[in-house]
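> Handing you this structure, nothing more for now.
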Amino acid sequence: MKLAWRTKIGLGLGFGLGLWLVGTGRAFAQEGPTTAELAVAMNTFFLIVAAALVFFMQAGFAMLTAGLTRSKNTTNILFKNLMDFVMCSIAFWAVGWGIAYGTSAGGFIGTDQFFLSPVTAEGEVPVMASWFFQVVFAGTAATIVAGAMAERTKFAAYLIYSFIISLFIYPVVVHWVWSGAGWLNTYSGSTEGNWGFTDFAGSTVVHSVGGWASLVGAMILGPRLGRFGPDGKPRVIPGHNMSLAALGTFILWLGWFGFNPGSQLAIASQANADAVALVAVTTNLAAAAGALGALFTAWLRYGKPDLGQTLNGVLGGLVAITAGCAYVDPLSSIIIGFIAGPIVVFSAELLEKLKIDDPVGAVPVHLVNGIWGTLAVGLFASVPGNTGTTGLFYGGGLTLLISQFVGVVAIGLWTVATAALMFFAIKATIGLRVSKAEEEAGLDIGEHGMVAYPDLSGAPAGGEVSGALAR
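All the letters of the sequence shown, read from the start, carry residue numbers 1 to 471 under the UniProt record's numbering.
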């Protein structure tokens, strides 16, 4: 009887424990995240990681620009790239985001959401995450200008124009194309589908905007002292550190895997995962092809392989594929990237003939290849995506190509007009260019009272200093 009694007690306790565990499991299952919540979390994490990669591109631009310019301006270059993102962050938080993504006024400009005020709708990625992803793109557009205007621009002037580009010039373009309500976002005013001007990750929206501003700024600023001789012939002013330039290019190549794949904006589904994978592949292949195109072109023209041109060929390929990376197949990405290489070389030669001084090749890389890559969507698009159609070479006719051309021209006119107004206003007020003496001594001394390489420059490395180096 004792054994039976204990057995009954044990079975009763076990049965009760089982019921409790089942009930608890159900409660835990009910309290756990739903599939939709997991998707939001995954997409948010994806955006933050992609944004961090794009942010790191600021370091790439800093290294590239510093390496391709003279050592006496290194501190100034690094300082400008730092402050570019500082000014951009404040401007895009206060006004830029609202202009870009606020409620549309006729498809031209956003009118609310200033100071990042909106509340995230349930089931969507938090607005804060979207803002963080978008602000690093704004910083990229603004920092492009630093390279073309390097070695002779006032530091205060740079702070002002970085702020204005991020506050107004760039956000208006974003609203036209990426807001979902912009006038360039659909073709001929159609609201059915999305088959108008298409720029997946910013060949025009980001890079050509920065490139147009670079071109206007370099023209208004004028060339560096000694860049062109009395006879008008160009003189080479070599950069001081090709190691930094190469490092900067590698960092930018890495950052582009956040720039382009991140522009899918989501990854928590098979379709999104497939799209992200395609974008990563086309981005990488275009960069490699751009390097080969520039290498072979420079080798044939100058008799020797040129590292600087090849580095810019990588960047030209990356810029060119950015508009269509989600819409073209791998073979087309190689063609687009390879053509970008010669474009870099020949565009640089054209600027020299026009006596426009661009120390790092920002205009050939970002403007000219931004235009090429945007038009290439109208030729090579074979994966419809949100274009709603295919390119000319894949049976889509001229519809998409015409739409791309309209977008390139419209955004070019807007950026040239606003950038020219901005630069002329700066020039007429605080001044745009440093003095001749400051330029000859180097902006590190004239603008900041310090140098990047005191051990090599003969400047005091420690202790008391005086004159230009005095604190």
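Even glycine gets a Cβ: it sits at the ideal position worked out from N, Cα and C. Note that the coordinates shown come from a computational prediction; the quantities given were computed from them, not determined experimentally.
If we count Cβ pairs, one from each stretch, closer than 8 Å, do we get three or more for the region 381-399 versus the region 217-228?
No, because fewer than three Cβ pairs between the region 381-399 and the region 217-228 fall closer than 8 Å, the two stretches do not touch.
> For the candidate residues Leu375, Phe132 and Phe380, whose alpha-carbon lies nearest to that of residue 472?
With the chain covering 1 to 471 only, the question about residue 472 has no answer from this structure.
> Can you give me the C-alpha to C-alpha distance between Ala62 and Phe114, rounded to a whole angstrom?
If you take the alpha carbons of Ala62 and Phe114, they lie about 30 Å apart.
> Would you call the region 236-254 in contact with the region 85-93, where contact means no fewer than 3 C-beta pairs closer than 8 Å?
Touching, no.
> Please name the residue in Gly397, His366 and Asn369 whose C-alpha comes closest to that of Leu379.
It is Gly397 whose Cα lies nearest to the Cα of Leu379.
> Report all residues from its chain with a CB closer than 6 Å to the CB of Ile169; omit the five preceding and five following residues, and keep chain order.
Closer than 6 Å at Cβ, skipping near neighbours: Thr418.
> Going by the CB atoms, is the gap between Trp299 and Ala340 shorter than 8 Å?
No, Cβ-Cβ distance for Ala340 and Trp299 is not below 8 Å.
> In this structure, how does DSSP classify Thr69 when only helix, strand and coil are distinguished?
If DSSP states are grouped into helix, strand and coil, Thr69 belongs with coil.
> Within its chain, find whatever has a CB closer than 6 Å to the CB of Pro342; leave out the 5 residues flanking it on each side and keep chain order.
Counting only Cβ-Cβ distances below 6 Å, and skipping sequence neighbours, we find Gly293 and Thr297.
> By alpha-carbon positions, which one of Tyr453, Ala320 and Leu47 ends up nearest to Val127?
Val127 has its Cα closest to that of Leu47, out of Tyr453, Ala320 and Leu47.
> Name, in chain order, the residues that DSSP records as bridge partners for Ala105.
Per DSSP, Ile109.
> Strictly by DSSP, which residues pair up with Pro234?
Paired residue(s): Phe228.
> So, with DSSP's three-state summary, where would you put Thr198?
Of the three classes helix, strand and coil, the one that applies to Thr198 here is coil, per DSSP.
> Could you tell me which of Ala100, Glu151, Glu349 and Ala66 sits nearest to Tyr302, measuring between CA atoms?
Nearest of Ala100, Glu151, Glu349 and Ala66 to Tyr302, Cα basis: Glu349.
> Specify, as a first and last residue, the run of the alpha helix (DSSP H) that Cys88 falls within.
Start and end: Thr74 to Ala91.
> Where does Ser347 land, buried or exposed, given buried means 16+ other C-beta within 10 angstroms?
Burial call: buried.
> When the Cβ atoms of the region 133-148 are set against those of the region 52-60, are three or more pairs found closer than 8 Å?
Enough Cβ pairs lie closer than 8 Å, so yes.
> By how many angstroms is the C-alpha of Glu439 removed from the C-alpha of Pro454?
If I take the Cα positions, the gap works out to 18 Å.
> So, with DSSP's three-state summary, where would you put Arg152?
Looking at Arg152 - three-state DSSP - the assignment turns out to be coil, as it is neither helix nor strand.
> Between Val416 and Trp212, is the Cβ-Cβ spacing less than 8 Å?
Contact: yes.
> According to DSSP, which residues form a beta bridge with Arg433?
Thr153, per the DSSP bridge assignment.
> Suppose you measure from the CA of Leu184 to the CA of Val409; what does that come to, to the nearest Å?
Rounded to the nearest angstrom, the two C-alpha atoms are 11 Å apart.
> Would you say the region 158-167 touches the region 275-292, given that touching needs at least three Cβ pairs under 8 Å?
Contact fails: fewer than three Cβ-Cβ distances are below 8 Å.
> Using only CA atoms, which one of Val451, Gly67, Val328 and Val434 lies nearest to Leu360?
The question names Leu, but residue 360 is Val in the sequence shown. Nearest option by C-alpha distance: Gly67.
> DSSP state of Gly388, grouped into three classes?
Residue state, collapsed to three classes: coil.
> The alpha helix (DSSP H) spanning Leu354 covers which residue range?
Taken as a continuous stretch (DSSP letters only), Leu354 belongs to no alpha helix (DSSP H), as it is neither H nor E.
> Excluding the five sequence neighbours on either side, which residues of its own chain have a C-beta within less than 7 Å of the C-beta of Ala280, listed in chain order?
So the list reads Phe257 and Pro261, once near-sequence residues are dropped.
> Which of the three DSSP states is assigned to Val328 in this structure?
Three-state result, Val328: coil.
> Grab the span of the alpha helix (DSSP H) containing Thr204 for me, first residue to last.
From DSSP, Thr204 is part of no alpha helix (DSSP H); its letter is neither H nor E.
> Alpha carbon to alpha carbon, how far is Gly96 from Met422? Give it in angstroms, no decimals.
About 16 Å.
> Could you check the C-alpha separation between residue 495 and Arg152 for me, to the nearest Å?
The structure shown does not extend to residue 495, since the chain is modelled only from 1 through 471, so no value can be given for it.
> In chain order, what residues of the same chain have a beta carbon less than 6 Å from the beta carbon of Val383, not counting five sequence neighbours either side?
Same-chain partners within the cutoff: Tyr327.
> Where does Thr103 land, buried or exposed, given buried means 16+ other C-beta within 10 angstroms?
It is exposed - the Cβ of Thr103 has fewer than 16 other Cβ atoms within 10 Å.
> Can you grab the Cα-Cα spacing for the pair Ala105 / Phe132, in whole Å?
Approximately 24 Å between the Cα atoms of the pair.
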